[in-house]
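Visitor: One structure follows; several queries about it will come next.
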Amino acid sequence: MPSAIFKKVVLAARPDGRPNLDNFRLDTGPMPSIPSDGLLLRTLYLSLDPYMRGRMDDRRSYAPALALGDVMPGECVVEVIASNHAEYSRGDIVLAQTGWQSHAISDGRGLRRLDARDAPLTTGLGVLGMPGFTAWSGLTLIGKPRLGETVVVAAATGPVGSLVGQLAKKAGARTVGIAGGPEKCRYLMNDLGFDAAIDHRVSDFRKQLAIACPGGIDVYFENVGGTVWSAVLPHLNRFARVPVCGLISQNGGAGAAEHDQLPATMRAVLTLSLTMRGFINFEFADEHFPTFLRSVTSDVANGTIKYREDVTVGLENAPRAFIGMLQGHNFGKALVDLTDG
Ligand SMILES: NC(=O)c1ccc[n+]([C@@H]2O[C@H](COP(=O)([O-])OP(=O)(O)OC[C@H]3O[C@@H](n4cnc5c(N)ncnc54)[C@H](OP(=O)(O)O)[C@@H]3O)[C@@H](O)[C@H]2O)c1
91 MPSAIFKKVV LAARPDGRPN LDNFRLDTGP MPSIPSDGLL LRTLYLSLDP
141 YMRGRMDDRR SYAPALALGD VMPGECVVEV IASNHAEYSR GDIVLAQTGW
191 QSHAISDGRG LRRLDARDAP LTTGLGVLGM PGFTAWSGLT LIGKPRLGET
241 VVVAAATGPV GSLVGQLAKK AGARTVGIAG GPEKCRYLMN DLGFDAAIDH
291 RVSDFRKQLA IACPGGIDVY FENVGGTVWS AVLPHLNRFA RVPVCGLISQ
341 NGGAGAAEHD QLPATMRAVL TLSLTMRGFI NFEFADEHFP TFLRSVTSDV
391 ANGTIKYRED VTVGLENAPR AFIGMLQGHN FGKALVDLTD G
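Letter by letter, the sequence shown follows residues 91 to 431 of the numbering used here.
Set out below in structure tokens:
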């Protein structure tokens with residue numbers, strides 16, 4: 091039975107580097123009351139995403155920092171449990187930016203309807219949602235892989251990397267995935283059809299990457315930075331494209347930062363005529379989200395695009411799952427299931 095207790099996870103203290111459990115606090119309180127023209131929502135699934143780590147710092151970024159005591163942000167699959175809104179009824183299921191809490195109110199703006207007959211509801215937080223669109227837009231609009239080119243992606247079993255690899259393969263490229271551990275590498279090769287998979291935790295990672303990319307790298311989809319970027323850099327081909335999507339190694343992820351790669355990076359940008367383009371998915375959303383959704387929904391439905399989820403049960407376990415995700419303990423899209431309250 092769904093719980094009637096209101097629970098939320100707030101930012102208790104700012105992390106210094108990698109977050110720990112003391113940075114979060116689980117608060118309980120009275121149920122929010124429904125606005126006269128709005129909605130009362132119950133969270134079913136919460137998405138855990140690397141960007142949340144950045145929001146915990148008090149520094150300039152593309153989104154405002156959280157204040158201490160703020161609810162941790164996040165996109166959720168929610169159920170409308172009461173409605174005073176003309177366009178939504180009790181029982182409707184929508185995506186909403188309601189954060190790490192069991193219930194929320196909404197004025198109805200910024201919601202996206204979901205229909206379980208189209209795809210499992212949780213895909214709206216992963217392959218058919220923000221991470222999927224990030225993969226699609228970064229690869230299609232910036233990476234632009236061509237037949238026979240080599241595309242490399244790290245964090246390759248996550249929701250962004252796994253779709254990047256599958257879309258690149260579909261475009262006729264040779265795909266090389268980088269992931270943490272042999273099980274993830276086996277999944278890339280056996281289930282997702284990558285041409286090669288390399289474990290970035292092994293001591294001869296650089297050597298293995300060189301062997302996997304005999305013709306160099308034409309597209310490197312940057313998800314992690316740090317030691318992986320250092321290993322990729324010497325193999326980039328002339329006119330290579332580098333969509334810079336994420337730098338999780340600098341953002342509370344696993345692994346220590348390496349020495350400064352800026353001079354080597356700038357030299358490669360110049361001498362190889364590289365295109366490095368940072369992007370945040372929402373800059374492309376108005377123009378391209380419908381195209382992405384149409385195309386990837388049908389590929390998910392017919393099984394040509396595969397996805398994997400890593401589900402943690404209970405809001406109180408969200409901090410631990412989030413900290414683990416930053417270090418690679420997740421195997422697939424990190425989600426929290428709140429359906430039991
Ligand atoms: N620009 C945008 O709009 C946008 C939107 C969404 C996501 N992103 C970025 O895309 C990247 C992937 O996101 P996601 O949601 O798909 O996350 P994810 O892959 O499910 O989780 C992050 C993964 O990063 C890997 N990782 C952590 N530290 C690492 C390190 N030092 N070296 C190599 N790999 C490391 C871990 O996988 P392994 O076990 O394989 O190491 C971990 O599972 C993140 O950087 C995220 O910030 C950007």
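C-beta atoms are modelled at their ideal positions from N, C-alpha and C, and glycine is treated no differently. None of the values given here were measured: they were computed from a predicted structure.
Cα separation between E406 and K396?
Guide: The straight-line gap from Cα to Cα measures roughly 29 Å.
Visitor: Just to confirm my understanding: we take M91, look at its own chain, exclude 5 residues before and 5 after, and list those with CB closer than 6 Å. What are they?
Guide: The predicted position of M91 is uncertain, since its pLDDT is 43 and thus under 50; no value can be drawn from it.
Visitor: Taking 7 Å as the cut-off, does the CB of M146 come closer than this to any heavy atom belonging to ligand 1?
Guide: No - ligand 1 has no heavy atom lying nearer than 7 Å to the Cβ of M146.
Visitor: Smallest Cα separation from D289: which of F382, C275, D139?
Guide: When only C-alpha atoms are compared, the closest one is C275.
Visitor: So for Y277, helix, strand or coil by DSSP?
Guide: Three-state result, Y277: helix.
Visitor: Got a sec: does ligand 1 put a non-hydrogen atom nearer than 7 Å to the Cβ of Y277?
Guide: No, Cβ of Y277 sits at least 7 Å from all heavy atoms of ligand 1.
Visitor: Figure out for me which residue from A209, T230, R132, A155 has the closest Cα to the Cα of R180.
Guide: The shortest C-alpha separation from R180 is found at R132.
Visitor: For a quick check, are the C-beta atoms of V250 and D160 less than 8 Å apart?
Guide: Going by C-beta atoms, V250 is not nearer than 8 Å to D160.
Visitor: Going by alpha carbons, who is nearest to V266 out of G255, G128, S123?
Guide: Taking only the C-alpha atoms, the option nearest V266 is G255.
Visitor: Quick one: using the 10 Å Cβ neighbour count with 16 as the cut-off for buried, is T361 buried or exposed?
Guide: Exposed, by the Cβ-count rule.
Visitor: Do A225 and V241 have their CB atoms nearer than 8 Å?
Guide: It is not a contact, given that the beta carbons lie outside the stated cut-off.
Visitor: Go ahead and label E312 buried or exposed: buried means 16 or more other beta carbons lie within 10 angstroms of its beta carbon, across all protein chains shown.
Guide: Classification for E312: buried.
Visitor: Please check the pair L416 and R143, which I expect to be a contact at CB under 8 Å, by giving their CB distance rounded to whole angstroms.
Guide: About 6 Å; that satisfies the 8 Å criterion.
Visitor: Ignore the nearest five residues each way along the sequence and tell me which others in G238's own chain have a CB closer than 8 Å to its CB.
Guide: Result list for G238: G262, A263, R264, in chain order.
Visitor: Between which two residues does the beta strand (DSSP E) harbouring F114 extend?
Guide: That run of the beta strand (DSSP E) goes 114–119.
Visitor: So V217 and V401 are in contact, right, with Cβ under 8 Å, and what is the actual spacing, rounded?
Guide: Incorrect: roughly 14 Å between the Cβ atoms, too far for contact.
Visitor: Below 7 Å, is the gap between the Cβ of S339 and the nearest heavy atom of ligand 1?
Guide: Yes, the Cβ of S339 comes within 7 Å of a heavy atom of ligand 1.
Visitor: Tell me, to the nearest whole angstrom, how far the beta carbon of V168 is from that of L211; I am working on the premise that it is less than 8 Å.
Guide: Their Cβ separation, rounded to whole angstroms, is 10 Å, which puts V168 and L211 out of contact at 8 Å.
Visitor: Answer yes or no: do P409 and R367 have a C-beta to C-beta separation smaller than 8 Å?
Guide: Their beta carbons are not under 8 Å apart, which means P409 does not touch R367 by this criterion.
Visitor: Go ahead and pull the three-state DSSP assignment for K97.
Guide: Three-state result, K97: strand.
Visitor: How long is the line joining the alpha carbons of D106 and M146, rounded to whole angstroms?
Guide: Each residue's Cα considered, the two are about 10 Å apart.
Visitor: DSSP state of T402, grouped into three classes?
Guide: If DSSP states are grouped into helix, strand and coil, T402 belongs with the strands.
Visitor: If you measure between the beta carbons of Q340 and G316, is that distance less than 8 Å?
Guide: Yes, these two residues count as a Cβ contact at 8 Å.
Visitor: For M366, name the three-state secondary structure that DSSP assigns.
Guide: Note: M366 maps to strand in three-state DSSP.
Visitor: Among V184, L215, T394, which has the Cα closest to the Cα of K260?
Guide: Out of V184, L215, T394, T394 has the C-alpha closest to the C-alpha of K260.
Visitor: Should the segment 228–236 be regarded as contacting the segment 196–214, the criterion being three or more beta carbon pairs within less than 8 Å?
Guide: No: the two stretches stay apart, fewer than three of their Cβ pairs being nearer than 8 Å.
Visitor: Hey, is R410 close to ligand 3, as in C-beta under 7 Å from one of its heavy atoms?
Guide: Questions concerning ligand 3 fall outside what the structure shown contains, since the ligands it does hold are ligand 1.
Visitor: Could you say which of H419, L428, N327, V386 lies nearest to A245 if we only look at CA atoms?
Guide: Of H419, L428, N327, V386, the residue nearest in Cα terms is H419.
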